[in-house]
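J.: Numbering (the UniProt record's numbering), first residue to last: 11 to 305.
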Amino acid sequence: GLPARVRIHEVGARDGLQNEKSTVPTEVKAEFVRRLADAGLTTIEATSFVHPKWVPQLADAERLFPLVSDLPVALPVLVPNERGLDRALALGARRIAVFASATESFAKANLNRTVDEALAMFAPVVGRAKAEGAHVRGYLSMCFGDPWEGAVPIPQVTKVCRALLDMGCDELSLGDTIGVATPGHVRALLTELDVPVDRLGVHFHDTYGQALANTYAALQHGVTTVDASAGGLGGCPYAKSATGNLATEDLVWMLRGLGIDTGVDLGRLVATSTWMAGHLGRPSPSRTVRALSHE
Ligand code: HMG
Ligand code: MG
């Protein structure tokens, strides 16, 4: 059967905005995060404390975080290394995420490290964050396919998952960074993974239009944490073929139809994405946003 409730891990302000050509003003980002909270989202990834030259769109993390940190929601931030952790902890962040890769090519492109060097970089970050009482998410990118290496063998994925859990990550997010997964592949990976489902999230990009079908396969497997991006914003600057994430509105529409509770007010969320699309100067790619805003 399907779960009664799903927790949406909203990534629009991070995964979405990191890939926009234009840099959105800090005040607009803060308003975006506030409106997402107001729409009922309870986990809102706010920004990344990465090198500002690698992701210039999020170089304002120090100014943004204090503008939203009073919100009564979880505000995870991405942190690649100890320098990033210092920056996040100095602002009072209580939830961090490290981001590993299942493939060597993407580890190099995204982190300038081999897979093992990246894990060695994360270990002290996770250790220190846990000692400070912070919650740690471990992302794993390229779980299904990689733009340089093609299909990714499942044992390669389970090995890095194990390493992330062993270093102390509370939760994992399985990333289909370039959106090539299909439901059969999702089922196969979840069946192979020896990780309790309450510690797993899924992170689908919608490049091939499979994100909702993949989510449904994950729900059938018992997964209750689903990453999504308001309005379908997103991509990844270091993986050219990646398009936007699964749109939060499309996810909420499907879950509502299935009688699965998310606590999200769809009308408010659509209004937020429509407002954000105005700032970005282009319509939201989400089918649900388009359908509901033309009603
Ligand atoms: P590097 O060039 O190897 O850095 O980059 P380094 O460790 O050699 O340090 C070089 C300089 O950068 C030093 O300064 C450091 O202090 C500074 P210098 O001594 O030369 O003056 N530095 C920093 N400054 C500020 N904040 C920091 C920081 N770290 C070093 N945190 C590094 C290595 C990891 C830093 C770089 O590759 C990086 O920032 N990468 C981030 C890439 C990124 O954010 N990608 C997008 C997120 S992942 C994603 O989107 C996928 C996901 O959505 C899931 C999915 O879809 O699959 C999560
Ligand atoms: Mg992503």
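Where a beta carbon is used, it is the ideal one built from N, C-alpha and C, also for glycine.
Since T298 and E259 are thought to touch, with beta carbons under 8 Å apart, how far apart are those beta carbons, to the nearest angstrom?
T.: Here the question's residue 298 lines up with position 288 in the sequence shown. Here the question's residue 259 lines up with position 249 in the sequence shown. Confirmed, Cβ separation roughly 4 Å.
J.: So, helix, strand or coil for H304, using DSSP?
T.: Translated into the one-based positions of the sequence shown, residue 304 becomes position 294. In the structure shown, H304 sits in coil (DSSP, three-state: anything other than H, G, I, E or B).
J.: For H91, name the three-state secondary structure that DSSP assigns.
T.: The residue labelled residue 91 in the question sits at position 81 within the sequence shown. Rather than His, the amino acid found at residue 91 in this sequence is Asn. Coil, per DSSP.
J.: Check whether the Cβ atoms of S255 and D237 sit closer than 8 Å, and answer yes or no.
T.: Counted from its first residue, the sequence shown places residue 255 at position 245. Counted from its first residue, the sequence shown places residue 237 at position 227. Looking at the sequence shown, residue 255 is not Ser but Asn. Their beta carbons are under 8 Å apart, which means N255 touches D237 by this criterion.
J.: Specify the secondary structure class of L150 as computed by DSSP and reduced to three states.
T.: Here the question's residue 150 lines up with position 140 in the sequence shown. Looking at L150 - three-state DSSP - the assignment turns out to be strand.
J.: What runs of the beta strand (DSSP E), each 3 residues or longer, lie entirely inside the region 68 to 125?
T.: 105 to 111
J.: Do S111 and S151 come within 8 Å of each other at the CB atom, strictly closer than that value?
T.: The residue labelled residue 151 in the question sits at position 141 within the sequence shown. The residue labelled residue 111 in the question sits at position 101 within the sequence shown. Yes, Cβ-Cβ distance for S151 and S111 is below 8 Å.
J.: State yes or no: is the C-beta of residue 311 within less than 8 Å of the C-beta of V21?
T.: Residue coverage of the chain in this structure runs from 11 to 305, which leaves residue 311 outside it and unanswerable.
J.: Kindly indicate which three-state DSSP category S183 falls into: helix, strand or coil?
T.: Within the sequence shown, numbered from 1, the residue matching residue 183 stands at position 173. Residue state, collapsed to three classes: strand.
J.: Per DSSP, what kind of secondary structure is D208 in: helix, strand or coil?
T.: As a first step, residue 208 must be located in the sequence shown, where it is residue number 198. D208 falls in the helix class under three-state DSSP.
J.: Less than 8 Å between the beta carbons of S32 and L290, yes or no?
T.: Residue mapping note: residue 32 aligns to position 22 of the sequence shown, counting from 1. Residue mapping note: residue 290 aligns to position 280 of the sequence shown, counting from 1. Contact: yes.
J.: For H213, is the classification buried or exposed, using 16 other Cβ atoms within 10 angstroms of its Cβ as the cut-off for buried?
T.: By 1-based counting over the sequence shown, the position of residue 213 is 203. H213 comes out buried.
J.: Under 7 Å: does the beta carbon of N122 sit that close to some heavy atom of the ligand MG?
T.: Here residue 122 refers to the residue found at position 112 when the sequence shown is read from its first residue. N122: no, Cβ never under 7 Å from the ligand MG.
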